[in-house]
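A.B. asks: The structure that follows is given in the form of structure tokens.
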Amino acid sequence: MSEKVGVYICHCGTNIAKTVDVEEVALWAGEQDHVDVAREYKFMCSSLGQELIEEDIKEKGLTKIVVASCSPHMHEKTFRTACVRGGLNPFMFEMANIREHDSWTTDDREAATLKAKALTKAAIERVIHNQPLEPLPVEINPNTLVVGGGIAGISAALELAEAGNHVYLVEREPSIGGHMAQLDKTFPTLDCSACILTPKMVDVGQHPNITLLTYSEVEAVGGYLGNFDVTVRKKARYVDEEHCTGCGICIEKCPYKVVDNVFEAGLGARKVIYRPFPQAVPKYPVIDTENCVYFQRGKCKACQIFCPTDPNSIDFEQQDEILQIVVGNIILATGFDLFDVSQIPQYGYGRLANVFTSLEFERMVNASGPTDGKIVLRDLETPPESVVIIHCVGSRDENYHKYCSKVCCMYSLKFAHLIHERLPEAEVYNCYIDMRTPGKGYEEFYNRLLEEGTHFIRGKVAEVSDVARIEEEEGKLIVQVADTLISKQRRIPVDMVILSPAMEARNDSQEVSQLFRMGCDFDGFFVERHPKLDPVATMTEGIYIAGACQGPKDVPDTVSQGAAAAARVASFISRGTVMMEPIRASINQELCSGCRICNTMCPYNAIVFHEDSNVSEVITALCQGCGTCVAACPSGIITGAHFTNDQLLAQIEGILWDVRSNLDLVPVE
Amino acid sequence: MNKQFEPVIVGFLCNWCSYRAADLAGTARIHYAPNMRPIRVMCSGRVDPQFVLKALREGADGVMIAGCHPGECHYVEGNIKTLRRFILLKKMLAQLGIEDERVQLIWASASEGIILAEAVNRMTEQIRALGPLNWQEKVLGGGNGHGHPAVIEPAQEAEEVLYD
Ligand SMILES: Cc1cc2nc3c(=O)[nH]c(=O)nc-3n(C[C@H](O)[C@H](O)[C@H](O)COP(=O)(O)OP(=O)(O)OC[C@H]3O[C@@H](n4cnc5c(N)ncnc54)[C@H](O)[C@@H]3O)c2cc1C
């Protein structure tokens, strides 16, 4: 083999050079077989570093390039492009990760240098076997699926639809809107949530480019970037959307009410045939069959009797519909759940009537909520004279969630403001661990509250109880808190306590991430492709995330992510075709024995068996390049491009260069 | 002065989860044993048992295969296939007299840098305690390397069965 390899060892400033003796590695690399030139350089990724490679290719006629620097997930593309500029096929390049996998993981200079040599040698041995490959063109279906109709999904869907692309928006609940629809005012500007959200919901409902599928869920996802096959179950509403005018008479006439644990957070009731809230989009109601007397006992039909449309819009026989759609890209915007505060029994929720959750309070202060916006105790009459708002319930807590939920400080301040506004006489206490108000206008909002006379107590609340010790505590809730600013335990007797629970990943986020074949982190939030540079893409091509499903965030951040995800998708759509890595399997048809073992290995059904010629074949467009079939083929005649046996075996030999036993002694194969 | 034995472990890390877990461990400056030398594969399902044998034969004291958690595989269920294959491989390795700790399969998602680092530390310690593999002697049955591969000490139980 007359390969001429160029090896470049990067200092990465001091990131690598501090722990790895880069001069030594470069000198040593220069002595290895096939290596024509070996250099070390401060920053290989800089334009000067890249030019080094390009010039060496041109001047010295290098055929293969190795760069020992950071993770290929960081700069593989950069260096491949440099190779192309130098006139080489991009796959004639190999990267050794001596930063993330080496210099950053130890202070032991000797060991780090040895490991750097092993990784570099592995790359040199491997690159000799690298073959030129051409990227595969994939056509992008211009339709997009957005899952979740909160403000994240709404923003993404509208951006794409406005740009002229078709969007399927799938929402599990009967209406879009998500948590934002439940809020009263939004910090820090205090604009009314419904006033800014409803017009967007209406736009979604009416947009010619949006197919809105509410009360629906994704059941199965197949395919890959450019061509996902999605199965959606549209649950029966028992209301015929074609004829229903949304007049609401059925709701009015329905004689049965149940507690609304979803939209009203348990604080209010709704009818059994219902619309979650008056501005719901779409306007069609849904029958809650579990509580419907007709469905349970076969009698009533009040809704049908009073329905004024012709033909009648109530359809007790309606069935779930299964829809098949094809989309090029998918945006997940499934939002968050709130931490179940009853897990912290010492805060008394569920036991002490006047302990509320933040979401209950949002519904309470909402003018269209169950109390018409009046702030009252659980008896729904008495206004409280004093209120404690407890921050970080389940957040920043070793026992529950270690992370900060990011929005609770701000909405807890918002609550204090709303109480001052509606009950000017009431005393309001905010018990916080640290006040976290980073954001445009947020610190100013905090200052405003300081001026409004809110009592701020820095300390974690130990307990909320109703056991009075002194007369002033009789009939009150007593909040026991260590005030760390004055180093004193305090007992604050109040009428009402509001808990601000952690924002959690959806309880089904694990299943959803599996359905869409992407990852979620330890806390259940979906994982972005890169925490800084690629915050809305996922490890799976064609699948994006936006909003609180990725981590706790407020409305402005959520909207930005929705728009960002839409922009990423739009760029794919406008390109029409994208080039994919040609890392695919192929079967040598001459040698295939037709055993069909590979057929069942493939998770994408990308391998077909030809009965006539008795051989299997990989459909390149379906293959995703995992290589499971390659490893399984008993004849060893499936090739996994760019991860061939030759490449990997050579890499193993290279990585063990210093400990390889004397092969001459062993009769090989 | 006696230098402590530093085992060499070859790690086969899948591109999507465990390779990135190792990236994250580095980015987060988590310090761990420098004994594991990673090789990237697209999926742990690509790890052909012959790669493991090759690494052991070429002088590695241990092999770590790391993939996404079951159910989180980027390729749906490549890791499950790895697991099945791994169980068979382990049976064979045991017959060759290769200790259980030397070849391990672990799961680490892209966000679990710490889990990967801890696994490397743990495995390094376990293999350090076992000492070098010495494929020549252990598997080929003789220091000169000319031993016949078939000469393998039968396991205790097997012997009992034989003479029953
Ligand atoms: C009490 C409280 C007060 C707040 N106050 C403010 C404020 O004043 N200002 C501010 O900026 N932020 C505030 N926030 C934060 C705000 O609610 C969030 O930033 C915002 O709702 C996140 O939007 P989202 O679309 O990501 O998620 P969500 O609002 O949770 O929407 C997700 C949607 O996806 C749907 N869905 C979930 N899973 C599926 C599935 N598998 N299939 C189909 N559909 C699915 C859900 O039904 C829901 O409609 C507050 C939060 C709380 C809890």
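Chains as they are written, first to last, in my numbering: chain A, 1 to 669; chain B, 1001 to 1164. We treat Cβ as the ideally placed atom computed from N, Cα and C, and that holds for glycine.
Which residue or residues does DSSP assign as beta-bridge partners of Thr357 of chain A?
C.D. replies: DSSP output for Thr357 of chain A lists A:Leu499 as bridge partner(s).
A.B. asks: Using a Cβ-Cβ cut-off of less than 8 Å, give me the residues of the stretch 624-648 of chain A that come near chain B, in sequence order.
C.D. replies: Residues passing the 8 Å Cβ filter: Gln624, Gly625, Cys626, Gly627, Thr628, Val630, Ala631, Ala632, Gly640, Phe643, Asn645, Leu648.
A.B. asks: At 3 residues or longer, what runs of the beta strand (DSSP E) sit wholly inside the stretch 593-663 of chain A?
C.D. replies: Counting only runs of 3 or more, we get 607-610, 615-618, 638-640.
A.B. asks: In whole angstroms, what separates the C-alpha of Cys254 of chain A from that of Glu217 of chain A?
C.D. replies: Straight-line Cα distance between these residues: approximately 27 Å.
A.B. asks: Roughly how far, in whole angstroms, is the beta-carbon of Ile1030 of chain B from the beta-carbon of Gly1011 of chain B, given that I think they are within contact range, below 8 Å?
C.D. replies: Contact flag wrong, Cβ pair sits at about 15 Å.
A.B. asks: Any beta-carbon of chain A closer than 7 Å to the one on Ile1039 of chain B?
C.D. replies: With 7 Å as the cut-off, Ile1039 of chain B counts as an interface residue toward chain A.
A.B. asks: Here's a check: name, in chain order, each residue in its chain whose Cβ is nearer than 7 Å to the Cβ of Leu1093 of chain B, leaving out the five neighbours to either side.
C.D. replies: Taken in chain order, the residues that qualify are Val1103.
A.B. asks: Quick one: which residues of the stretch 1045-1058 of chain B get their C-beta closer than 9 Å to a C-beta of chain A? List them in chain order.
C.D. replies: Cβ contacts with chain A: Gly1045, Arg1046, Val1047, Asp1048, Pro1049, Gln1050, Phe1051, Lys1054, Ala1055, Arg1057, Glu1058.
A.B. asks: Of the residues A:Ile587, A:Glu653, A:Ile655, A:Gln624, which one's Cα is nearest the Cα of Pro634 of chain A?
C.D. replies: Of the listed residues, the one whose Cα sits closest to Pro634 of chain A is A:Ile587.
A.B. asks: Taking contact to mean 3 or more Cβ pairs, one atom from each stretch, closer than 8 Å, check whether the stretch 17-27 of chain A and the stretch 98-115 of chain A are in contact.
C.D. replies: Short answer: they touch.
A.B. asks: Is it true that the CB of Leu160 of chain A sits closer than 7 Å to the CB of Ala566 of chain A?
C.D. replies: Yes. Within cutoff.
A.B. asks: So, does the CB of Met503 of chain A fall closer than 7 Å to a CB anywhere in chain B?
C.D. replies: Closer than 7 Å: no.
A.B. asks: Is Phe336 of chain A near ligand 1, with its Cβ less than 6 Å from a heavy atom?
C.D. replies: Checking every heavy atom of ligand 1 against the Cβ of Phe336 of chain A, one is found closer than 6 Å.
A.B. asks: Buried or exposed: Met579 of chain A, going by 16 or more other Cβ atoms within 10 Å of its Cβ?
C.D. replies: When all chains shown are included, Met579 of chain A counts as exposed.
A.B. asks: Ligand 1 and Glu1058 of chain B: does the residue's C-beta get closer than 6 Å to at least one heavy atom of that ligand?
C.D. replies: No, Cβ of Glu1058 of chain B sits at least 6 Å from all heavy atoms of ligand 1.
A.B. asks: Following the continuous beta strand (DSSP E) through Pro208 of chain A, name the residue where it begins and the one where it ends.
C.D. replies: That residue, Pro208 of chain A, is in no beta strand (DSSP E); it is neither H nor E in DSSP.
A.B. asks: Does chain A have any CB closer than 7 Å to the CB of Gly1143 of chain B?
C.D. replies: The predicted model places Gly1143 of chain B with a pLDDT of 48, which falls under 50 and marks its position as unreliable; any figure quoted below should be read in that light. No, its Cβ sits nowhere closer than 7 Å to a Cβ of chain A.
A.B. asks: According to DSSP, what are the bridge partners of Lys60 of chain A?
C.D. replies: According to DSSP, Lys60 of chain A bridges with nothing at all.
A.B. asks: Determine whether the beta carbon atoms of Asn690 of chain A and Pro137 of chain A lie at a separation below 7 Å.
C.D. replies: No answer is possible for residue 690 of chain A: it lies beyond the span of chain A, which begins at 1 and ends at 669.
A.B. asks: Quick check on this structure: which residue in A:His11, A:Gly61, A:Cys10 has the alpha carbon closest to the alpha carbon of Val35 of chain A?
C.D. replies: Of A:His11, A:Gly61, A:Cys10, the residue nearest in Cα terms is A:Gly61.
A.B. asks: Going by DSSP, which residues form a beta bridge with Glu463 of chain A?
C.D. replies: Its beta-bridge partners are A:Gln480.
A.B. asks: Under the DSSP definition of a beta bridge, which residues are partnered with Ser586 of chain A?
C.D. replies: Paired residues: A:Thr639.
A.B. asks: Hey, how far is the Cα of Glu1125 of chain B from the Cα of Gln50 of chain A?
C.D. replies: Approximately 41 Å between the Cα atoms of the pair.
A.B. asks: Could you spell out where the beta strand (DSSP E) holding Glu321 of chain A opens and where it closes?
C.D. replies: Glu321 of chain A -> beta strand (DSSP E) spans 321-327.
A.B. asks: Which whole-angstrom value is the C-beta distance of Phe670 of chain A and Ile498 of chain A, which I expect to be below 8 Å?
C.D. replies: This structure does not reach residue 670 of chain A, given that chain A is present from 1 up to 669, and the question cannot be answered.
A.B. asks: Tell whether a beta-carbon distance below 7 Å holds between Leu169 of chain A and Val202 of chain A.
C.D. replies: Cβ distance not < 7 Å, so Leu169 of chain A and Val202 of chain A don't count as in contact.
A.B. asks: Residues of chain B with a CB under 7 Å from the CB of Ile655 of chain A: which are they?
C.D. replies: Neighbours of Ile655 of chain A on chain B, chain order: Val1010, Arg1037, Ile1039.
A.B. asks: Output yes or no for whether 7 Å exceeds the beta carbon distance between Ile314 of chain A and Pro285 of chain A.
C.D. replies: No.
A.B. asks: Going straight from the alpha carbon of Gly1143 of chain B to that of Pro1007 of chain B, what length do you get?
C.D. replies: Because the pLDDT at Gly1143 of chain B is just 48, under 50, the model does not fix this residue reliably, and the value given afterwards should be weighed accordingly. If you take the alpha carbons of Gly1143 of chain B and Pro1007 of chain B, they lie about 20 Å apart.
A.B. asks: Quick test of your reading: Leu352 of chain A and Val230 of chain A, contact by CB under 8 Å. State the CB separation rounded to the nearest angstrom.
C.D. replies: With 8 Å as the limit, Leu352 of chain A and Val230 of chain A do not qualify as a contact, their Cβ atoms being about 46 Å apart.
A.B. asks: Consider the C-beta atom of Glu59 of chain A and the heavy atoms of ligand 1; say whether any pair is separated by less than 6 Å.
C.D. replies: The answer is no for Glu59 of chain A.
A.B. asks: Under 8 Å Cβ to Cβ from Gly13 of chain A, same chain only, skipping five residues before and after it: list those, please.
C.D. replies: Once the five neighbours on either side are set aside, the close Cβ partners of Gly13 of chain A are Lys42, Phe43.
A.B. asks: So which residues on chain E does Pro1034 of chain B lean against when the C-beta distance must stay under 9 Å?
C.D. replies: Here the protein chains are A and B, and chain E is not one of them.
A.B. asks: Considering just the uninterrupted stretch of the alpha helix (DSSP H) at Gln1136 of chain B, what are its terminal residues?
C.D. replies: Counting along the chain, the alpha helix (DSSP H) containing Gln1136 of chain B begins and ends at 1135-1138.
A.B. asks: Tell me whether Glu23 of chain A sits in a helix, a strand or coil according to DSSP, three-state version.
C.D. replies: Correct three-state label for Glu23 of chain A: helix.
A.B. asks: Which one of A:Val25, A:Gly205, A:Pro276 has the shortest CA to CA distance from Ser103 of chain A?
C.D. replies: Closest option to Ser103 of chain A, Cα to Cα, is A:Val25.
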